[in-house]
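Heads up, the thing below is written out as C-alpha coordinates.
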Amino acid sequence: MNTFCDGDDFIAMFFEVPQNFTKYTEGTYVRIAAEDVLDWMVNNEGKLYGGFSLRYQRKRKPESERASFDEYIGVTEYA
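Note that the UniProt record's numbering has the sequence shown beginning at 1, numbered continuously upward.
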(Lines of atoms letter the chains of each structure in order from A and count residues from 1; the text may use other names and numbers.)
(Lines give C-alpha, C1' and ligand atoms only; values in the text may rest on other atoms or scores of the structure.)
Protein backbone atom coordinates (compact mmCIF):
# COMPACT_ATOMS: atom_id res chain seq x y z
CA MET A 1 0.00 0.00 0.00
CA ASN A 2 1.08 3.54 -0.68
CA THR A 3 0.02 5.66 2.27
CA PHE A 4 -0.29 9.30 3.31
CA CYS A 5 -1.75 11.12 6.33
CA ASP A 6 -5.03 13.01 6.41
CA GLY A 7 -5.50 14.48 9.88
CA ASP A 8 -5.42 11.57 12.32
CA ASP A 9 -6.27 9.05 9.60
CA PHE A 10 -4.24 7.36 6.91
CA ILE A 11 -5.23 7.08 3.27
CA ALA A 12 -3.75 4.02 1.64
CA MET A 13 -3.78 2.72 -1.92
CA PHE A 14 -3.44 -0.97 -2.71
CA PHE A 15 -0.59 -1.59 -5.14
CA GLU A 16 -0.94 -5.35 -4.82
CA VAL A 17 -3.95 -7.36 -3.64
CA PRO A 18 -3.93 -11.02 -2.54
CA GLN A 19 -6.43 -13.18 -4.43
CA ASN A 20 -8.56 -13.76 -1.32
CA PHE A 21 -9.08 -9.98 -0.86
CA THR A 22 -12.05 -9.86 -3.22
CA LYS A 23 -13.40 -6.57 -1.82
CA TYR A 24 -10.40 -4.60 -3.10
CA THR A 25 -8.58 -4.17 -6.41
CA GLU A 26 -5.22 -2.62 -7.23
CA GLY A 27 -5.51 1.15 -7.10
CA THR A 28 -8.35 1.13 -4.54
CA TYR A 29 -7.98 3.77 -1.80
CA VAL A 30 -9.07 3.12 1.79
CA ARG A 31 -9.20 5.36 4.86
CA ILE A 32 -7.76 3.83 8.03
CA ALA A 33 -8.12 5.37 11.48
CA ALA A 34 -4.85 5.57 13.43
CA GLU A 35 -6.26 3.37 16.22
CA ASP A 36 -6.95 0.61 13.66
CA VAL A 37 -3.32 0.36 12.50
CA LEU A 38 -1.83 -2.99 13.51
CA ASP A 39 1.41 -2.83 11.54
CA TRP A 40 3.28 -0.07 9.78
CA MET A 41 6.45 0.39 7.77
CA VAL A 42 8.60 3.13 6.37
CA ASN A 43 10.99 2.39 3.52
CA ASN A 44 13.57 5.17 3.51
CA GLU A 45 15.74 4.63 0.43
CA GLY A 46 15.80 0.88 1.00
CA LYS A 47 16.11 0.92 4.80
CA LEU A 48 13.02 -0.65 6.37
CA TYR A 49 11.61 0.59 9.66
CA GLY A 50 8.70 -1.34 11.18
CA GLY A 51 7.20 -3.73 8.65
CA PHE A 52 6.79 -6.51 11.19
CA SER A 53 4.43 -8.53 8.97
CA LEU A 54 6.96 -8.38 6.13
CA ARG A 55 9.77 -9.39 8.47
CA TYR A 56 7.73 -12.38 9.58
CA GLN A 57 6.99 -13.39 5.97
CA ARG A 58 10.68 -13.06 5.11
CA LYS A 59 11.78 -15.11 8.12
CA ARG A 60 9.52 -17.99 7.01
CA LYS A 61 11.07 -18.07 3.53
CA PRO A 62 14.03 -20.33 2.78
CA GLU A 63 17.35 -18.46 2.94
CA SER A 64 17.70 -18.91 -0.82
CA GLU A 65 14.52 -16.84 -1.47
CA ARG A 66 15.18 -13.93 0.89
CA ALA A 67 17.31 -11.81 -1.45
CA SER A 68 14.67 -11.89 -4.19
CA PHE A 69 11.99 -11.06 -1.58
CA ASP A 70 14.05 -8.06 -0.42
CA GLU A 71 14.46 -6.89 -4.00
CA TYR A 72 10.73 -7.29 -4.66
CA ILE A 73 9.77 -5.13 -1.66
CA GLY A 74 12.60 -2.65 -2.28
CA VAL A 75 14.56 -3.27 0.92
CA THR A 76 18.33 -3.38 1.18
CA GLU A 77 18.62 -2.96 4.96
CA TYR A 78 16.48 -3.71 8.01
CA ALA A 79 16.66 -1.14 10.84
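Beta carbons: idealized from backbone N, C-alpha and C, even for Gly.
If you're wondering where the values come from, they're calculated on a predicted model, not measured in any experiment.
Excluding its 5 nearest sequence neighbours in each direction, F69 has C-beta neighbours in its own chain below 7 angstroms: R58 and K61, listed in chain order. Cβ neighbours of G50 within its own chain (closer than 8 angstroms, five residues either side excluded): D39, W40, M41 and V42.
Annotated three-state conformation of K61 is coil, per DSSP.
Restricted to the UniProt domain "DUF2314" (6-75), the alpha helix (DSSP H) segments that are unbroken, complete and at least 4 residues in length are 52-60 and 63-73, listed in chain order.
In this structure V30 is exposed. Its beta-carbon is surrounded by fewer than 16 other beta-carbon atoms within 10 angstroms.
Under a 10 Å Cβ-count criterion, V75 is classified as buried, with 16 or more other Cβ atoms of the shown protein chains found around its own Cβ.
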